[in-house]
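**Q**
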Amino acid sequence: AGEESDLDLLIITREIMTHRDRNAISGIIFEANYRYSTNLSMVVVDAASWNMGILSLTPLYSEVQRDGVTI
4 AGEESDLDLL IITREIMTHR DRNAISGIIF EANYRYSTNL SMVVVDAASW
54 NMGILSLTPL YSEVQRDGVT I
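Listed below in structure tokens is the structure:
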């Protein structure tokens, strides 16, 4: 990945997150991008939707399975 590449974060939660919680995480990501000149992006999804929902059929799911790093 080049210097201008973004870093995609997949956040898998036990339960469906509230809109308020998602906004809080978005604020943290925004602040990190601003403060450190990063290019972070995020997807937040609950485990059931990730493992058995429509997202499990997407190219994103395949890419994460192939290239993802657990932190």
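In terms of the numbering used here, the sequence shown has 52 at position 49, counting the first letter as 1, and numbering is strictly consecutive.
Beta carbons: idealized from backbone N, C-alpha and C, even for Gly.
(1) Do Val67 and Leu13 count as a contact pair if the criterion is CB distance below 8 Å?
(2) Taking Cβ to Cβ, would you say Leu63 is nearer than 8 Å to Asn42?
(3) Kindly give me the distance between the Cβ atoms of Ile28 and Val47, rounded to whole angstroms, as I take these residues to be in contact under 8 Å.
(4) Just to confirm, is the Cβ distance from Ile15 to Trp53 under 8 Å?
(5) Any beta-carbon of chain C closer than 8 Å to the one on Ala27?
**A** Let's see:
(1) Cβ atoms of Leu13 and Val67: closer than 8 Å.
(2) No. Outside cutoff.
(3) Right, the Cβ-Cβ distance comes to about 6 Å (below 8 Å), so this counts as a contact.
(4) Taking 8 Å as the cut-off, the Cβ atoms of Ile15 and Trp53 count as close.
(5) Going by chain labels, chain C is absent from the structure shown, which holds only one protein chain.
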